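Since the structure comes first, as C-alpha cells, the remarks are kept for the end.
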Amino acid sequence: PRSLKEAVEQAIPLRRHELKELKAYSNMQIDSITVGSIIGGMRNNKSMLWQGTTLDPFNGIKFQGKTIQECQQLLPCSPDKQSKKTEFMPESMLWLLMTGEIPKKEEAFGLMHELSQRGKTLPPFVEHIIDSLPRTMHPMTQLAVALASLNSSSTFCKNYQDGVIGKEDYWHYIFEDALNLIALLPQLVGKIYSNVTNEGMPLGYFNPDRDWSYNIASLLGMTYRDSVNKRNLTKEQCDDFTDLVRLYCGIHVDHEGGNVSAHATHLVGSALSDPYLSYSAGVMGLAGPLHGLAAQEVVRFLVDMAARIDSPDNESQVSEYLWALLNSGKVVPGYGHAVLRKPDPRFDAMLRFVEARPQEFQGDRYVQLMRNLSKYAPKVLTEHGKTKNPFPNVDSASGVLFYHYGIHDLLFVTVIFACSRAIGPLTQLVWDRILGLPIERPKSVDMATLRRLVNQN
Ligand code: NMX
Ligand code: MLT
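The numbering used here runs 784 ahead of the 1-based position in the sequence shown.
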C-alpha cells in the first residue's frame, strides 16, 4: 500500500495547478471588510486559504467535504475492531485531511504503524523538561512547553539553518516534523498525566502494534490490564473509553482555519517557525477559556451545579443556576459559537455515543444534566438575549464523558483536545509549504484611520 507521503505527493500537482490558476485572479474582489469586522474579532472575513475542513453556520463541519456521519461510515477503524462497527481511527482522518481521499484499510493501518514507530520513545531531554515543571502547573502549559522544546529536534529547522533546502522542498521536512509531533502525543500526554496524577509513575504502556488512540488511552491508565487498571473498569468499559478517545480525537481535529488554535498554528508557521513551535502556539490558544479550555470549564460547572440542585430534571433550579451565572457576568461554558448558528454536529456525535450505551450512562447524574442542559440552556440564553447562538457547542459533552470513565483531573481534559487538534492545523501547515504560501501579515489600522475611512464613505 501507499504511504501517506506517497499519497500526498500524488495530490500535489493538481493543488499547485489550482493555486496557479487562482493567482491569475489576484486582483478580483470577492468580499468586503466592514468596520464591525475590524473591531469585532475579524468575524466573517474570508481571508485565509484552508483546505482540509469547511464550516457552515447551519450544517457545521465537513472534513474534505464529508460530514461526521459520512466519515463514520467510510473511514477505516482500527485493525482490532474490524468485526464490530466502531469509531474510525484518527489516523484515517489524518489521511483524509492530508490527501482529500478516503484511505484504503491497508493504507490506514500502514499509517497507524508508521505513527507508532515514530512515537515509540520520547526524547530523554523532553522527559527531563516535563519532570522539572511544577506538578501543579496547568497541563496545557506543560504540553506547550514540551512541544516547544521539541523544536531542537526539528528536521525542518536544522535543514533550513544549514541552508541546504529550496523553498519547493520545505514541505518534506515540515511533513516529517508534523508526523513526528503527532506520533509523540500519546507519550507526551501520558507523561504529563502520570506526573500530575501518579507521582510520575507510568499508568500504562506504549504498544507499538496498537493504534494512536489506544496508546493515548493506555498511557492514561485506561486500558484493561488488571495490574494498572486501578479504576475497576470492566473490559467493555475500557474498550468503550478507547472508542471514546477515537471518536473524540477523530472529530476535534479541525474546525476550518479561523478558530484560535488552527489560526495561531498557521500564523506562526507562516514565519517558517517549525511545526513544534507553531503547534505549541496553537496549544496556547486552545488553552483559553473561550476556546478549548471550555471543555474543562463545562465539567467544573456541571459538577458544581449538580451539587446545588435536587435533580438534573429540575428545570427551574437549573435555569436559576444559569441566571445566577449570567448575572455575575460569566459565560455559560459549552454554549455559543463564533460561526455556528445551530447545535454543533460534533456535540450530536458525542450524544450518539451516550445513546448507544443507555445502561452505561443511565445512572450518571452529570451526563443526565449535560443532556437536559441542551434543552434548558438555549431557552435561558435566548431570553438573556446576547449570544447569537444559544445552542451547545462541541465542549458541552466531551469532558463529562471522560469524567464518567474516571478522568477526574479536570484540568487535563483540554490536553486530550490538544492531541486531536494537532491533526488539522499541522496538515494545513504541510500544505502551506507545498503551496508556498507567504508570511501572514494583515494590515492593522488605528482609530484615527478608521474614523477617516468612515467619514470618507
Ligand atoms: N454565555 C453567555 N454569554 C454569551 C455566551 C454564553 N455561552 N456566548 C456568547 N455570549 C455573549 C458574548 O459574551 C457577547 O457578550 P458581549 O456583547 O457582552 O461581549 C455576546 O453574547 C455576543 O457574542 P456572540 O457574537 O454570540 O459570540 P462570539 O462570537 O463573540 O463568541 C464564544 C463565541 C464561543 C467565545 C462565546 O459563545 C462563548 O464565550 N461561549 C462560552 C465559552 C465556550 O463554550 N467556548 C468554547 C467554544 C468552542 N471551542 O471549543 O472553542
Ligand atoms: C473549534 O473547534 O475550534 C471551536 O468550535 C471554535 C471555533 O470554531 O472557533
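Even glycine gets a Cβ: it sits at the ideal position worked out from N, Cα and C. Values in this document were obtained by computation on a predicted structure and should not be read as measured data.
Backbone secondary structure at residue i - three-state DSSP
i: Ile-822; result: helix
i: Ile-845; result: strand
i: Phe-1145; result: helix
i: Phe-1175; result: coil
i: Tyr-977; result: helix
i: Tyr-1008; result: coil
i: Ala-1001; result: helix
i: Tyr-1119; result: strand
i: Lys-850; result: strand
i: Phe-1201; result: helix
i: Thr-925; result: helix
i: Phe-872; result: strand
Own chain, CB closer than 6 Å to residue i, minus 5 neighbours either side, in chain order
i: Ser-1054; result: Ile-1223, Glu-1224
i: Ala-967; result: Leu-899, Arg-902, Gly-903
i: Leu-1249; result: In the structure as shown, the chain begins at 785 and stops at 1241. Residue 1249 is therefore absent and cannot be evaluated.
i: Ser-1158; result: Pro-1176
i: Lys-1019; result: Tyr-1008
i: His-1121; result: Asn-1173, Asn-1177
i: Gly-1072; result: none
i: Leu-1234; result: none
i: Glu-1104; result: none
i: Asp-995; result: Ser-862, Met-873, Met-896
Own chain partners of residue i with C-beta closer than 7 Å, once the 5 adjacent residues on each side are dropped
i: Tyr-746; result: Because the chain in this structure spans residues 785 to 1241, residue 746 falls outside the shown range and cannot be described.
i: Leu-1051; result: Glu-1224
i: Leu-1195; result: His-922, Pro-923, Gln-1080
i: Leu-969; result: Cys-1203, Ala-1206
i: Phe-1131; result: Pro-1176, Asn-1177, Val-1178, Ser-1180, Ala-1181
i: Tyr-1060; result: Leu-931, Ala-932, Leu-934, Asn-935, Ser-938, Asp-961, Leu-965
i: Asp-1094; result: Gln-1101
i: Gln-848; result: Gly-836, Leu-880, Leu-881, Gly-884
i: Pro-785; result: Lys-888, Glu-890, Glu-891, Gly-894
i: Arg-1149; result: Ala-1090, Pro-1096
i: Leu-1109; result: Val-1116
For residue i, the first and last residue of its enclosing beta strand (DSSP E)
i: Leu-771; result: With the chain running from 785 to 1241 in the structure shown, residue 771 is simply not present.
Opening and closing residue of the alpha helix (DSSP H) in which residue i lies
i: Asp-1132; result: 1129-1139
i: Glu-805; result: 788-807
i: Met-1231; result: 1231-1240
i: Ala-916; result: Correcting the residue type first, residue 916 is Ser in the shown sequence and not Ala. Note, Ser-916: alpha helix (DSSP H), 908-916.
i: Arg-994; result: Here Arg-994 belongs to no alpha helix (DSSP H), and DSSP marks it neither H nor E.
i: Cys-941; result: 939-946
i: Ile-1218; result: 1207-1218
i: Phe-1085; result: 1078-1092
i: Val-1037; result: Neither: Val-1037 is in no alpha helix (DSSP H) and is coded neither H nor E.
i: Leu-1051; result: 1044-1054
i: Gln-901; result: 889-902
i: Pro-1059; result: 1059-1070
i: Glu-1104; result: 1099-1111
Cutoff 8 Å; reference residue i; Cβ partners in own chain excluding five residues on either side
i: Leu-1004; result: Val-973, Gly-974, Tyr-977, Leu-987, Gly-988, Ile-1191
i: Pro-907; result: Leu-934, Ser-937
i: Leu-1077; result: Met-924, Leu-1070, Ala-1071, Thr-1198
i: Thr-838; result: Ile-845, Lys-846, Gly-849, Glu-1040
i: Asp-1024; result: Arg-1141, Glu-1144, Tyr-1189
i: Val-1151; result: Val-1138, Phe-1145, Val-1184, Leu-1185, His-1188
i: Ser-1011; result: Low per-residue confidence applies at Ser-1011: pLDDT is 49, beneath 50, and the placement is therefore not dependable, though the value from the model is reported in the following sentence. Nothing meets the Cβ criterion.
i: Lys-830; result: Ile-814, Asp-815
Quiz item: If you measure from each residue's Cβ to the nearest non-hydrogen atom of the ligand MLT, which ones come out under 5 Å, in chain order?
Solution: Checking every Cβ against the heavy atoms of the ligand MLT under 5 Å gives His-1039, Asn-1043, Ala-1122.
Quiz item: Just checking, does the segment 1158-1165 make contact with the segment 1192-1205 on the three C-beta pairs under 8 Å criterion?
Solution: In short, these stretches do not touch, since the Cβ pair count stays below three.
Exercise. Give a yes or no on contact between the segment 834-845 and the segment 1123-1131, applying the rule of three or more CB pairs nearer than 8 Å.
Key: Touching, per the Cβ criterion.
Quiz prompt | the segment 954-961 touching the segment 1212-1220, judged by at least three CB pairs closer than 8 Å | solution = As far as the Cβ criterion goes, the segment 954-961 touches the segment 1212-1220, which means the pair count is three or higher.
Exercise. Evaluate contact between the segment 1130-1145 and the segment 1077-1089, counting only Cβ atoms and requiring at least three cross-stretch pairs below 8 Å.
Key: In the pairwise beta carbon analysis, the segment 1130-1145 is classified as not touching the segment 1077-1089: fewer than three pairs are separated by under 8 Å.
Self-check item: Stretch pair the segment 872-880 + the segment 1018-1037: three plus CB contacts closer than 8 Å
Solution: Contact between the segment 872-880 and the segment 1018-1037 is present, because at least three Cβ pairs lie under 8 Å.
Self-check item: Validate contact between the segment 978-988 and the segment 902-922 using beta carbons, cut 8 Å, 3 pairs
Solution: Because the criterion of three Cβ pairs below 8 Å is met, the segment 978-988 and the segment 902-922 touch.
Quiz item: Taking three-plus beta-carbon pairs below 8 Å as touching, is the segment 851-858 in contact with the segment 1179-1189?
Solution: Contact between the segment 851-858 and the segment 1179-1189 is absent, because fewer than three Cβ pairs lie under 8 Å.
Self-check item: Meets three-Cβ-pair contact criterion under 8 Å: the segment 879-889 and the segment 789-803
Solution: The segment 879-889 vs the segment 789-803: in contact.
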